[in-house]
Amino acid sequence: MKVVRPAPRLVLGGLSVLLLVALLCALMTGATGFGPGALWTQPHSEAARASWLVISQIRAPRAVMALLTGAALAASGAVMQGMFRNPLADPGLTGVSSGAALGAALVIVLGNAGAGAGFVAHWAVPAGGITGALASTVVLYLFAARGGVSSPTLIILAGVALSAFAGALTGILVFRANDTALRDLTFWTMGSLSGAAWPQIGVLLPVLLPAAFIMGRIAGGLNVLLLGDEDAALTGCSVGRIRRLAMLCVALACGPIVSFVGVIGFVGVVVPHLVRLVSGPDHRILLPASALLGAALLLVADTLARVIAIPSDVPVGVVTAAIGAPVFVWQLARSQQTGRFS
Amino acid sequence: MTEQNLLFSRRKLIALAGMGSVAVPLALSYAHAQEGHVVTDCRGRRVAVGPARRIVCIGGTITETLYDLGAQARIIAVDTTSTWPESALKDKKSIGYMRTVSAEGVLSLQPDLILAMNNAGPPAAMDQLVASGPPVVFVEATPSVEAIVARTAFLSGIVGADEAGRELVTKIEKGFDALAQWRATHTTKRRVLFVMRMTNGHPMVAGSGTAADAIIGLTGATNAGHAMQGYKVVEHEALITLQPDVILIMAQDSAALHKDILADAGFRMTPAVRHDAIIALEGEELLGFGPRTPEAALKLAGMIEAASPA
């Protein structure tokens, strides 16, 4: 069946515009009602100074964090789905999410004092998360690399088992936690961009850029993998190498992100599908388009999370799931009618 | 007084246990319970309280009250929230944190009475304690003036210290009278925000229905987080709209928290941080709602005023 698809340039351009609009909305909305207006009309007034502080120090770091998180999760989701040829694969399958959750929970519960010097208190939880994420990816990687090429099913199952095991350990910690640690833990597992600050973004960028670079390099390879492992190997493609690179970039992209913002579900699974419905399965378009749409979506969701229940901060994971799941089902139902999603 | 008694009963218990039966000490304490009086606890359960010579206190407020009633010698173990008096956690065995109690750990101490705050937990462990023999009395945990008085009278009845109980209640009521006078003469209503913690950059503050909300109200100040229910994470920009004049934290980890608050862009734009009005009080003193509360509230009222002059 010949499917008419919009030109890649049109898709990427449209998504960029969408992202820009979402970013502007995020920067202009907030509890204080400060807008950029005062900056133009009376740039040297007290009000302008205050709005500048709010926009540059509170809204902007959080918006950038939402953007990076959405992009990293969605692009990683697309990589995972391509590498496993499985529509349900998400970044969590490499064990990054559960590993990061376990690492962070260890720090929250065992180092419960939450005290120590400010530096330790600020960076201990993310550091625990990154360590956990990398450790679980390494375990899965070693398993996958053992004796050459493993079947995707085997890696998926190993990933599920690993996640379940890390989840069990986290469960033990939850059981041991006192209620203050439990509150931190619940909040963390629901995912929130509340803690976003410029220094964290400074830490993220040097890790995310190489991840994006690797994704660019393997996009073509992932297309070939869609043929199936045997056929892909027949075309001269190194299946094992692509799979290892894919796991590496997903761990690089998601490990630190999950450690900073907690577990935000849904974006990684659903965004690539939404993009595929429009622009087809070519990873050279799918990966950047997923990143753009993921970023825009999470920005919108987080803006809602900030203002929906002023002065409380709603965990953004709740918002993404509440909005995203119905939209996704609606898209699926529509594609069933047009016969496009197959 | 009871030093001797205690020794004696302990010896008896050990001797009996030595005779090779584990069930005997439990039966013994059950027999004691039969001779004592019957109280109705805050869950409406009717519990026969024995001589209460081996009490386990689950909740700092209970420990504090029993010490004030002069019944400390009858306590054998306390939980980790029993930070006052400071000797309590040193002299008595610790059963861990009040919400993560292990039933077996408590029972191994062979208590003849378990006094637990109504919000002690986990619920499963509490159910096990109730089902396992020694009388368990749940004590009302509401953070209010009336509840403190009722709690004190209730606990003095249980340990049979009626005289000391009446004195303590009088002292507490006098304290609250002094507090009311203070409120009548200091009418500036400042907005106080209690920040519990800020792990990972999430500022968690007290809304209405919390002990922090109650004690802020007692000082005559307004809880800046009153619009929320319970302890909530506040969005950083919304911190500015809460406009706290004073930020209140717990002294336990105040150094790190203080630093985090000063470093936070949202907090920096509040009157409290601009005027460096961040004050700290020990957690149990602040939130315990025991006999110390009138003095603690008065102290807090003074600290709030000093931190943020009208």
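Heads up: the sequence lines are chains W and P, in that order.
According to my numbering, the first sequence is numbered sequentially starting from 1.
According to my numbering, the second sequence is numbered sequentially starting from 1001.
Where is the CB? At the ideal position from N, CA and C, for every residue including glycine.
- Residues of the segment 30 to 61 of chain W whose Cβ lies closer than 9 angstroms to any Cβ of chain P, in chain order: G30, A31, T32, G33, F34, A50, L53, V54, S56, Q57, I58, R59 and P61.
- By the neighbour-count criterion, in which 16 or more other beta carbons inside 10 Å mark a residue as buried, F175 (chain W) falls on the exposed side.
- The C-beta of A1125 (chain P) comes no closer than 8 angstroms to any C-beta of chain W.
- With a threshold of 16 other beta carbon atoms within 10 Å, Q1181 (chain P) falls short and is exposed.
- Secondary structure note for I201 (chain W): its alpha helix (DSSP H) is the uninterrupted segment W198 to L225.
- Assigned with DSSP and collapsed to three states, K1092 (chain P) falls in coil, not helix or strand.
- Within its own chain, the residues whose Cβ lies closer than 8 angstroms to the Cβ of A31 (chain W), once the five positions on either side in sequence are excluded, are R306, V307, I310 and P311, listed in chain order.
- With a cutoff of 8 angstroms on beta-carbon distance, A75 (chain W) and A253 (chain W) are scored as near each other.
- For the segment 301 to 314 of chain W, the set of positions with a beta-carbon nearer than 9 angstroms to some beta-carbon of chain P reads A305, R306, V307, A309, I310, P311, S312, D313 and V314 in chain order.
- Taking a beta-carbon distance threshold of 8 angstroms, R284 (chain W) does not count as an interface residue toward chain P.
- Going by DSSP, H1037 (chain P) is part of the beta strand (DSSP E) stretching over H1037 to T1040.
- Three or more beta-carbon pairs separated by less than 8 angstroms link the segment 82 to 92 of chain W to the segment 141 to 160 of chain W, which places the two stretches in contact.
- Interface residue (Cβ-Cβ distance to chain P less than 8 angstroms): R183 (chain W) is classified as such.
- Listed along the chain, the chain P residues whose CB falls inside 9 angstroms of the CB of I108 (chain W) are T1199 and N1200.
- Identification of residues in the segment 1227 to 1240 of chain P having a C-beta nearer than 8 angstroms to some C-beta of chain W yields A1227, M1228, Y1231, K1232, V1233, V1234, E1235, H1236, E1237, A1238, L1239 and I1240, given in sequence order.
- For the C-beta of G195 (chain W), the chain P residues within less than 8 angstroms are, from N- to C-terminus, N1200, G1201 and H1202.
- By the rule that beta-carbons nearer than 8 angstroms mark a contact, M1269 (chain P) touches chain W.
- Nearest Cα to V1056 (chain P) within the set P:E1167, P:A1251 and P:P1135: P:P1135.
- In terms of beta-carbon proximity, L1242 (chain P) lines the interface with chain W, with at least one pair separated by less than 8 angstroms.
- Rounded to whole angstroms, the Cβ separation of G191 (chain W) and P315 (chain W) is 6 angstroms, and the two are in contact under 8 angstroms.
- Excluding residues up to 5 positions away in sequence, N1119, A1120, G1121 and P1122 lie with their Cβ nearer than 8 angstroms to the Cβ of R1099 (chain P) in the same chain.
- By the neighbour-count criterion, in which 16 or more other beta carbons inside 10 Å mark a residue as buried, T137 (chain W) falls on the buried side.
- One finds T1199 and N1200 in chain P with Cβ atoms closer than 9 angstroms to the Cβ of V125 (chain W), taken in chain order.
- Secondary-structure assignment with DSSP links I1216 (chain P) through no beta bridge to anything.
- When the alpha-carbon of H1226 (chain P) is set against those of P:A1277, P:G1201, P:E1235 and P:L1193, the nearest one is in P:L1193.
- Within chain P, the residues placing a beta-carbon under 8 angstroms from that of W188 (chain W) are N1200, ordered along the chain.
- Its chain contains L68, A72 and A253 as the residues whose beta carbon lies nearer than 7 angstroms to that of L208 (chain W), once the 5 sequence neighbours on both sides are disregarded; these appear in chain order.
- With distances taken between CA atoms, G1207 (chain P) lies nearest to P:V1234 out of P:M1198, P:V1234 and P:L1300.
- For the segment 1108 to 1137 of chain P, no residue has a beta-carbon sitting nearer than 7 angstroms to a beta-carbon of chain W.
- Between P288 (chain W) and L204 (chain W), the C-beta gap is not smaller than 8 angstroms, which leaves the two residues out of contact.
- Your pair T1083 (chain P) and Y1097 (chain P) does not check out as a contact, with CB atoms roughly 12 angstroms apart and the cut at 8 angstroms.
- Ranked by Cα distance from T94 (chain W), the first of W:L142, W:G262 and W:R183 is W:L142.
- By the neighbour-count definition (other C-beta atoms within 10 Å, threshold 16), D1177 (chain P) is an exposed residue.
- Listed along the chain, the chain P residues whose CB falls inside 7 angstroms of the CB of S97 (chain W) amount to none; the nearest CB is some 16 angstroms away.
- Counting other Cβ atoms within 10 Å of its Cβ, T1170 (chain P) stays below 16 and is therefore classed as exposed.
- At a C-beta separation below 8 angstroms, S192 (chain W) has these neighbours in chain P: H1202 and V1233.
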